[in-house]
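Q:
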Amino acid sequence: MKRIHAYLLIVALLIFSSQSVNVAQNGNGNGKGKVSASTTPVKINLPVKEGAVRFVIIGDTGTGSKKQHELADILLKARQAFPYDFVLLLGDNLYGGESPADYKSKFEDVYRPILDQKVKFYATLGNHDEPAQRFYQFFNMDGKEYYRFTKGNIAFYSLNSNYLDQKQLKWLEDELAKDTSEWKIAFHHHPPYSSGGKHGSDAALRKVVEPIFVKYGVNADFAGHDHFYERIKPQKGIYYFVSGAGGKLRSGDVKDNSPLTDKAFDRDMSFMLAEVVDNQLYFQVISRTGETVDAGVLANQRKKN
Ligand SMILES: [Fe+2]
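Heads up: the sequence shown begins at 1004 in the numbering used here, then just goes up one per residue.
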């Protein structure tokens, strides 16, 4: 028996020492000695096709917490196999103070290795965000609270869902009316559809944007605010997602048996990867531990595939 105990002790020591090495090798490289949550390689289930548009969707990031760093480490790792060019930030980009030190600790320090790879972040304003963020160079808002930009065959509309007044709605409608892009994607902070217990669907927002989305053929919509991931069953032909667990988590907040849910994940923080190849939008959702929690492909509703 003693020999067996000694053997088990040696095995345990070996496992412990190899884990220590893995963790040490897996630091986030910011020199602060923080470690990532997982040593598991990030498996990519996306086409990674030449000429495709590849991007990230992440929301509610602005805490500067250790877990936000850990998720950012996974995001950085994912770029090795999935070279995305830009990131959609879904709002609540900075919680609490918004001094230069806050921009640094809650954004720049977290995403520095990704920024260094020339990845651009396109932000939208959340309920915790000061409008002055629109002038911050790394948010690429060009001084505007709502704006449009294009990448390949996609037009992106960043909306300010804090104040969706008549002026903004008219701008949205005018822009969409003349938009000939094959894909039209909206992103903003508050979710028109969500199964969150804390917040849930923003009915007032839905009432004003949904008729416009339907009329002008918006394909997909991304929002945060609720701190989990949810893929909503298509509503009036439009794909809706909640991706608000980039810096905070509201564990267990997705209502059970919600009729809205196609897939939900509220046990850890997460981000989405997306790739548009012609008429297909591929997506993969990855957690802080590198686990894939959802993946799939969506057809462009306005095209014959
Ligand atoms: Fe929020």
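Glycine is no exception: its CB is placed at the ideal position from the N, C-alpha and C atoms. Note that this is a predicted model, so its numbers are computed, not measured.
1) Where residue 1124 and residue 1131 are concerned, what is the direct C-alpha to C-alpha distance, given to the nearest angstrom?
2) What span of residues does the beta strand (DSSP E) with residue 1309 cover, start to end?
3) Note down, in chain order, each residue of its chain lying with its Cβ closer than 7 Å to the Cβ of residue 1193, except the 5 sequence neighbours on either side.
4) Assuming residue 1171 is part of the beta strand (DSSP E), what are its boundary residues?
5) Are there any heavy atoms of ligand 1 lying less than 7 Å away from the beta-carbon of residue 1130, as far as the coordinates show?
6) Between which two residues does the beta strand (DSSP E) holding residue 1046 run?
7) Hey, quick one: how far does the alpha helix (DSSP H) through residue 1206 stretch, first residue to last?
8) What do you reckon, is the C-beta of residue 1094 under 7 Å from a heavy atom of ligand 1?
9) Which word fits residue 1153, buried or exposed, when buried means at least 16 other C-beta atoms lie within 10 angstroms of its C-beta?
10) Write down every uninterrupted run of the alpha helix (DSSP H) in the region 1084-1139 whose length is 4 residues or greater and which is fully enclosed by it, in chain order.
11) Less than 7 Å separating the Cβ of residue 1228 from some heavy atom of ligand 1?
12) Within the chosen definition, does the region 1049-1065 reach the region 1274-1285 through at least 3 CB pairs nearer than 8 Å?
13) Between the Cα of residue 1186 and the Cα atoms of 1282, 1236, 1135, 1096, which residue gives the shortest distance?
14) Could you check whether residue 1259 and residue 1243 sit closer than 8 Å to each other, using their CB atoms as the reference points?
15) Taking the alpha-carbon of residue 1284 as reference, which of 1301, 1171, 1199 has the nearest alpha-carbon?
16) Are the beta-carbon atoms of residue 1114 and residue 1075 separated by less than 8 Å?
17) Using the C-alpha atoms, what's the distance from residue 1106 back to residue 1032?
18) Three Cβ pairs or more, each shorter than 8 Å: is that satisfied between the region 1084-1094 and the region 1045-1054?
19) Classify residue 1284 as helix, strand or coil using the three-state DSSP reduction.
20) How about residue 1156 and residue 1188: do their beta carbons lie closer than 8 Å?
21) Figure out for me which residue from 1230, 1167, 1234, 1216 has the closest Cα to the Cα of residue 1182.
22) Quick one: what does DSSP say residue 1263 is sitting in, helix, strand or coil?
A: Let me lay it out:
1) 18 Å
2) Examination of residue 1309 is not possible in this model, given that the chain is present from 1004 through 1308 alone.
3) 1164, 1205, 1208, 1226, 1228
4) Here residue 1171 belongs to no beta strand (DSSP E); instead the alpha helix (DSSP H) covers 1169-1180.
5) yes
6) Where residue 1046 is concerned, there is no enclosing beta strand (DSSP E), given that its DSSP letter is neither H nor E.
7) 1206-1219
8) yes
9) exposed
10) 1103-1106, 1112-1119
11) yes
12) yes
13) 1282
14) no
15) 1301
16) yes
17) Its pLDDT being 31, under 50, residue 1032 is placed unreliably by the model, and the measurement read from it follows with that caveat. If you take the alpha carbons of residue 1032 and residue 1106, they lie about 19 Å apart.
18) yes
19) strand
20) no
21) 1216
22) coil
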